[in-house]
Amino acid sequence: MIPTEDRALPREDKSAQRTHYTTCYMCACRCGIKVTTEGEEVRFIQGNPAHPINRGVLCAKGSAGIMKQNSPAKLRKPLKRKPGSARGAGEFVQIEWDEALDLLSARLAKIRATNPAQLAFFTGRDQMQALSGLWAQQFGTPNWSAHGGFCSVNMAVAGLYTIGFSFWEFGAPDFDLAKYFVLWGVAEDHSSNPIKIGLEKLKRRGAKFVSINPVRTGYSAIADDWVPVRPGTDGLLALSIVHVLLHDGTIDFAFLSRHTNAPWLVVQAPGTPDDGLFARDAGGNPIVFDEGTRAFADAGGADVRPALFGTWTLPDGRRATTVLSLAAERYLDSRYAPATVAAECGVPAETIERLAREMAHVAFKEAVELPIRWTDMWGRTHDSVVGRPVAMYAMRGISAHSNGFHTCRALHLIQMLLGALDGPGNFRARAPYPRRIPVRTLPENDPAVIFAPDTPLKRMPNGNPTKPEELVVAADGTPLRIDHAFSWGSPLASHGLMHMVITNAANHDPYPIDTLLLFMANMAWNSSMNTTGVREMLTRRDEGGEYAIPFLVVVDAFHSETVGFADLVLPDTTYLERHDAISLLDRPISEPDAAADAIRHPIVPTNRDVRPWQDVLVELASRLKLPAFTKPDGSRKFADYKDFIVNYEKLPGIGFLAGWRGADGKSHLRGAPNPKQWEAYIENQSFFAHHWPDSMRYYKFANRDYLEFAEKHALFGTPPVAVTMQIYSEPLQKFRLAGQGHYAGPQPTTAADRARLATYFDPLPFWYPPLETQRIAADEYPLHAITQRPMPMYHAWDSQNAWLRQILSANHLYMNRGTAAAQGLADEDWVWVESHHGRLRCRLRTMEGVEANTVWTWNAIGKQAGAWGLATDAPEATAGFLLNHLISELLPKAGDDPQRRSNADPVTGQAAWFDLRVRVVKAAPGETGVWPVFPPMPPLPGAVAAPSRLRWSAR
Amino acid sequence: MKPALSVVLFTVLSGAGLGVLALTGCVALFGLPWLFPERLPHATALGLALTVAGLLSSTLHLANPRNAWRAFARFRTSWLSREGVFSLLLVASAAMFAALLYAGADASLRAGFAVLTIALAWTVLVCTAMIYAGLKPIRQWRTPWTPVAYFVLGHLSGALILLGIARVDASNSVRLAHLCLVLVVLAVAVKALYWRAIRAPRDALTLEQAIGVPQGVRPAGTSGTPTAMQARLFDAGHTGRTFLTDEFGFRLARRHRGVLLAAFWLLGIVAPLVWVAGAWWQTPVVVAACAAHLGGLLAERALFFADARHTVRLYHGDART
Amino acid sequence: MKLGLVIDLDTCVGCHACATACKEWNGASAISGPLTDDDPYGADPAGVWFNRVRHYEVGTYPASKTVNVPMSCMHCEDAACVTVCPTGASYKRKDGIVLVDQDKCMGCNLCAWACPYGARELDPSSGTMKKCTLCVDRIHDTSLPEPERQPACVLACPAHARFFGDFDDPASQVSRLSAERGGFGMLPQLGYKPVNRYLPPREPPVVARDADERGPASADAGSALARLVDAARRFAAR
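Chains as they are written, first to last, in numbering that gives the first Met the number 0: chain E, 0 to 954; chain W, 0 to 320; chain X, 0 to 237.
Structure (structure tokens):
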């Protein structure tokens, strides 16, 4: 042994240090953080141990927040495109806020006074849809959305139209009690730390963790079972699992009878407007066949014993079959047998059977029972809660495909068959969900309202259509929105189609707009498909010599590639310098056992001339005298964003923040505005959580105490009713009828649109090859190409971080080693990667843990030279690349479909990023370096020089 | 390891200087006729100069030299500390020895310092070599051949330099020439045996051993003991360089290795051999031969560094050390 | 006392939270901060980190496994980095922590050569060697709430894959975990007696399948449907 000794150690002087609590903003997980400041500097950022989301832990991104705060890429002052310079050249002059706001509000006022739809306002990775959506509605433009259309809408819409809550935003797995957990298509994303925390719990308890993912990194690295599936075929795998469950008879009859529409009767009357709709009684209620009374009965009746299978003749003579009969007929067909699908999805038949049987075993033979008393909506009190402890979670690997909507519904079908939803050990809902299926909000679709000057919309721009009448189209079927959301081409586009805005605006399709306002969305780079094309369209001029998109406003906190294209740049604050409300009205931080929201408040001063965007929105709304922001006497209603959050009420007693409401601050979830609400949050570590009592925690969709409470506090609509999950989706059938020409109402006007609806609006989930695959020569592009977000970075937003970029400042294309060897490719080879749309050049790396027909890279590592405060020869520009160059926002033309189709899911419009098919070819000798390359962005006026050596120490 | 010039130069010059000092000590102690007595102090001074030059060169390797004076503190455990202490003593002793020689001092005093100088010179040679041989993470250094080779090569350099001085003077140095030949043969043998020893992969560590997960995994759905599986690096955790990759990640191209090896044999071994055999004693030739030999040793030392594969390379993806 | 870490390779997802939390804590720590970052926004960024996470694959597709391995100073019992250090800058405390005294280090790099794990890095600004301090300025700091008197990496780890404690105490969490899960030290054959213990990946749980005797699920759909309908009818008739 070596000798030991103690020596005196230098001590840190903490006399100037203070502790604050706020919310992280590196991704949309929104963990609670404890920030130690020293004077005006940040000394340390750690997780808040008391916070319900992260309970003290913090990921690499959050832990590197100091370098986000200290980045030289921070914007410093409003900018105007230098007079005489071209858009996209990146030449700016600094202007004062007064000038910027005057300029913008004057332009907006003019738009509003002529045709409000001329404003397109789209928000990227923000967390304030409730405010920006309200603002857009008040302004009167339907051309608003956040970015869900290119992100997660497939999961949201599939969930909200099927089970009443959804993967991704509105639910979380029960890691404490699950005995079998299946992760579908999930790599690092938000819900980041809760998944990490949860996986450890699962493994410690001996639960089995299966990861279905083409790549074995991150979460999949620690999976007990890694199932490398071919991208885009998860739906096939899921429905094959359904096949096995039905074949074995291992399904939960009780759950299906009581909580789903499995027993509902579907009219079989081909060629008529009612074909495929639910048979209903005189009161309009769906009916079932009651085995007890041997008669038809209201499906919602308390004591009904519905038949799950069968066909009967209705009183009016038409035939009707149960939903489950239709489902069984389809999924028991050999098309979905494991032996049939194995080659297509790349998963052996034995594995498919084993997965299904393991799930069934755990669900039915290892059920958990909690001694919790609860009452259901039919008034029955139960002494315990039984859980079938199979949990699932799914994200981008399912969503980012043109068959993602149906695939997600297929996953929900598995859950419904197993009776594994919102019970102990399941995927559970997070407040304000579950809600009615679907939530009853409709998008504004009245042209008289949409184009009326100085008039707010009557409804919100986004919503959940349930029938063709609710689409946002003109009488002749042309879309009324710039992104074509809620049109025949993308009917259930509940989150808009942000990825089509620039293309359509540049093509004046369906009409020209005046101003495009982008908040925190890097559309000129990694958030767009066809990056080069989009950049060209942003600078395209029409015949008159004007820009096809006349005015572009970019709001951001950092010098992104998109900032270079702005005509006006409004600089935002960083997350440590602002107020924010992470609201139940928005994308909440609730957990299954607690409704929760949170705030941010300024921790450090803003040492530059920037303003929080929400304040600017309130200011603009006030100047424009938007009604919700204006008092009856015409004066300003809200001084600023803080005032708005405290005093705005969506419904009586319902505001953006749920905690410490009421004049005395003692009401939670509902109450009068509390002028000291911000202070109350700050005193309580910047978050509020309302924990459900045990009796309300499970089966919320049928839990009387929960639903009545939820209705009283506007978390559920009026009246509270049990939510019946929809295996068979009637809204889809209505659209299908419109496509078939039988719907008694609006129908598509083109044969191609009819065919799309008739094919893809199947009321039962099914699998089809991704649309890109259907339209290219698949053997010319044999490989699937996808991306993953790395754990230390989130989309574009971390290359300006001096610490995080040391982990990743360049990227390779990863290929299966066996596949590469067969092609004569080796590590570090320069290769051309080619799709139907374009080509790029990059370096290759081989690995074992990737499906044999898949290549992938880290998302958004490549940057334009000069952006993000980086040197023009930074590796991000010289050795990083984007896969986006190979992806078109449009599908290749097809013979039978003359329309230009969005490269998207035909139901929701979700951008189909991962449908990409490529071939990889070794580059010729001498063909080295990443390609394409872009000219460097010039530095912004007033930009701070980046140090060549950093010795950060907070003092 | 990246061959740092300062360290390479240090060991070559220092080794040569120490060899010179050890041999001049012997000349003085045993009254050997190899050098004229009036030449002895110059030779000693040259040895001292080479040693000091080498030691000074080594301090260029320090990133924070103002703490260099502390380097004697851990004598009990650190070969570098010991080398420092003994170097200081050696320099003092050799300086005294040289001064005594210059002054023509008392024979027993000279003999005393000769013994001291020889002993210290040998000690410093061993300590220096043990700095490298004592490092367990570097398999190519951790062998008795390291100190043996350094000892032999140092004496070879010293003997050649002394021979050069001697023959320029045309003193009676036939035995010294024989000693040089013997040392050449020894050097060849020692280096050849060294290279053979480190080529053997018996004690090489593997990436699998380094990360400690050699037991592999069991494919899903199967049972039984999983067989040991091969590991490879997927991602080092940084896409740029780090201190570790700079310091330990040096990769010598095959042809560069060939060049260095050739330089060692040709310049370090063959050239002196030819020179001694050819017996060309003109000053320029002497200087050239000694310079060539030292140049060859610089190549050998550089190879010594370049061939070193620290275990940290396993963590960065090397399959074995 | 033998303070050290347990790192669980079964749950480490390779997120680099530990590496970054360490960087931010120690950057402003009085012990060894600041930690230099060279060319932080340029072509060749390289900084001093005490903790690095590296990722490996074991086996071949489709049965390959990915293992994420965070590595920092092992605070070895027989730390060669201490014995080779000539200036006495590198020393081991009575609680087991190995530290580098920034006032004494001369930057000779020998300790880095002696460390098989790459735990030490040279800070080009100070010219001294720096390494994991086991957050010695947190673990004994009574001004911190007791649960936070842990290394920053342990607090941050979202997968709860890191634990801190005294291996000399058999009842401590680190001792128990190591004993229960077969914790191993890295490269023990070199004889440095690393104190940090890595927990190997667990055996995957086996889910009993009573359907083993069921054959492939591709039997004719008609009979499967008939069985299903029958079972449903019996359920409804209860």
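We put the CB at the ideal spot given by N, CA and C, even for glycine. Computed from a predicted model, the values in this text were never measured in an experiment.
Query raised in the report: Along the region 796-811 of chain E, what residues have a CB closer than 7 Å to any CB found in chain W?
Result: Gln-805, Ile-806, Leu-807, Ser-808, Ala-809
Report task. Could you name the residues that DSSP lists as bridge partners for Phe-247 of chain W? Result -> DSSP output for Phe-247 of chain W lists no bridge partner at all.
Query - Nonlocal neighbours in the same chain, by C-beta distance under 8 Å from Ile-602 of chain E, ignoring five residues either side - result: His-19, Thr-21, Val-34, Thr-36, Val-41, Leu-575, Glu-576
Query raised in the report: What residues in the region 831-843 of chain E bring their beta carbon closer than 8 Å to a beta carbon of chain X?
Result: none
Query - Three-state class that DSSP yields for Tyr-314 of chain W in the structure shown - result: helix
Requested in this report: Answer with yes or no whether the minimum CB distance from Cys-269 of chain X to chain W is below 8 Å.
Outcome: Lying before the first or after the last residue shown, residue 269 of chain X is absent from chain X, which here runs from 0 to 237.
Requested in this report: Measure the CB-CB distance between Asn-192 of chain E and Cys-407 of chain E and report whether it falls below 8 Å.
Outcome: no
Query raised in the report: Taking Cβ-Cβ distances below 8 Å as the criterion, which residues of the region 198-216 of chain E are in contact with chain W?
Result: Thr-216
Requested in this report: Output yes or no for whether 8 Å exceeds the beta carbon distance between Gly-132 of chain E and Pro-460 of chain E.
Outcome: yes
Requested in this report: Classify Lys-862 of chain E as buried or exposed, calling it buried when 16 or more other Cβ atoms lie within 10 Å of its own Cβ.
Outcome: buried
**Report entry** the region 283-300 of chain E / the region 763-778 of chain E touching (three or more Cβ pairs under 8 Å)
**Finding:** no
Query raised in the report: Can at least three beta-carbon pairs, one atom from the region 939-952 of chain E and one from the region 36-44 of chain X, be found at a separation below 8 Å?
Result: yes
Requested in this report: Indicate the three-state DSSP secondary structure (helix, strand or coil) for Trp-183 of chain E in the structure shown.
Outcome: strand
Query raised in the report: When the Cα atoms are used, what is the spatial distance from Leu-61 of chain W to Tyr-780 of chain E?
Result: 56 Å
**Report entry** Range covered by the beta strand (DSSP E) that runs through Cys-841 of chain E
**Finding:** 838-846
Query raised in the report: How would you list, in chain order, the residues of chain W whose beta-carbon sits under 8 Å from the beta-carbon of Asn-108 of chain X?
Result: His-60, Ala-62, Glu-246
Report task. Confirm, please, whether the CB-CB distance from Leu-307 of chain E to Ala-359 of chain E is below 8 Å. Result -> no
Query raised in the report: If you draw a straight line from the C-alpha of Thr-76 of chain W to the C-alpha of Ala-118 of chain W, how long is it?
Result: 20 Å
Report task. Taking Val-265 of chain E as the query, report the chain X residues whose CB atoms sit under 9 Å from its CB, ordered along the chain. Result -> In chain order: nothing, as chain X lies at least about 17 Å away.
Query - Continuous alpha helix (DSSP H) stretch holding Phe-450 of chain E: start and end - result: Neither: Phe-450 of chain E is in no alpha helix (DSSP H) and is coded neither H nor E.
Report task. Find out if the Cβ-Cβ distance for the pair Asp-482 of chain E, Met-497 of chain E is shorter than 8 Å. Result -> yes
Query raised in the report: Quick one: does Tyr-40 of chain X have its CB under 8 Å from some CB of chain E?
Result: yes
Query raised in the report: Per DSSP, which one or two residues make a beta bridge with Asn-815 of chain E?
Result: E:Met-846
Report task. Grab the span of the alpha helix (DSSP H) containing Arg-534 of chain E for me, first residue to last. Result -> 530-537
Requested in this report: Closer than 6 Å by C-beta to Ala-428 of chain E: which residues in its own chain qualify, once you throw out the five before and the five after it? Chain order, please.
Outcome: Phe-164, Gly-170, Asp-421, Lys-699
Query raised in the report: Looking at the unbroken beta strand (DSSP E) that takes in Thr-312 of chain E, where does it start and where does it end?
Result: 310-312
**Report entry** For Ala-597 of chain E: DSSP bridge partner residues
**Finding:** E:Ile-581, E:Phe-686
Report task. Give the interface partners of Tyr-314 of chain W over in chain X, defined as CB-CB distance under 8 Å, in chain order. Result -> Arg-53, Val-68, Met-70, Tyr-116, Gly-117
Query - For Thr-65 of chain X, the residue or residues it bridges with in DSSP - result: X:Glu-56
Report task. Go ahead and pull the three-state DSSP assignment for Ser-171 of chain X. Result -> coil
Query raised in the report: Are the beta-carbon atoms of Gly-89 of chain E and Pro-937 of chain E separated by less than 8 Å?
Result: yes
Query raised in the report: Of the residues E:Arg-29, E:Pro-718, E:Thr-320, E:Gly-123, which one's Cα is nearest the Cα of Ser-559 of chain E?
Result: E:Gly-123
Requested in this report: Please compile the residues from chain E whose C-beta is within a distance smaller than 7 Å of the C-beta of Thr-238 of chain W.
Outcome: Leu-807, Ser-808, Ala-809, Pro-874
**Report entry** Unbroken alpha helix (DSSP H) run spanning Met-391 of chain E, endpoints
**Finding:** Unbroken run through Met-391 of chain E is the beta strand (DSSP E), 389-393; no alpha helix (DSSP H).
Report task. Could you tell me the distance, in whole angstroms, from the CA atom of Asp-914 of chain E to the CA atom of Ala-399 of chain E? Result -> 7 Å
Report task. Could you list which residues in chain X have their beta carbon closer than 9 Å to that of Phe-686 of chain E, in chain order? Result -> Those within 9 Å of Phe-686 of chain E in chain X number zero; the least Cβ separation is about 18 Å.
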